[in-house]
Amino acid sequence: YQALYDPLTHLPNRRCLFKTLNAEVEQLKGSLGKGTLAVVDIDFFKVVNDTYGHQMGDVVLKKVANVLSNNTQEGEFVARFGGEEFILWYPNKTPSCVEDKFM
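If you're matching positions, the sequence shown starts at 3 in my numbering and goes up one per residue.
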């Protein structure tokens with residue numbers, strides 16, 4: 003568990019992300035399948051850490067992780083890529099469908 007999940011957010015980590023995405027890409031090869039990869043980056047996160055401290059920064063990361071994971075459906079995937087970056091995988095969805103989800 004510890005090798006594949008982020009200890010702070012309890013989301014899959016970069017290693018788990020690559021493992022999952024490799025499997026998804028293999029599944030899509032040779033088919034007309036589609037998928038969209040989205041990157042979520044918290045703007046000005048350094049300002050939060052510098053102004054309010056790393057404990058508050060951790061609270062922000064946990065809350066963002068919760069919002070993202072609570073808004074994914076079966077088959078979708080969210081992972082903490084590192085720092086304040088999160089990666090989301092939406093199989094069988096076009097970028098415009100994913101964009102609508104965030105608006």
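We put the beta carbon where it would ideally sit given N, CA and C, even for glycine.
Bounding residues of the beta strand (DSSP E) (the contiguous stretch that carries residue 93): 87-93
How long is the line joining the alpha carbons of residue 96 and residue 103, rounded to whole angstroms? 11 Å
Using CA coordinates, which residue listed in 32, 33, 63 and 101 is at the minimum distance from residue 83? 63
Residue burial classification, residue 11 (beta-carbon count within 10 angstroms, cutoff 16): buried
Using 8 Å as the threshold, is the stretch 53-63 in touch with the stretch 19-28, meaning 3 or more CB pairs across them? no
Is it the case that the Cβ atoms of residue 42 and residue 88 are separated by a distance below 8 Å? Contact flag set, yes.
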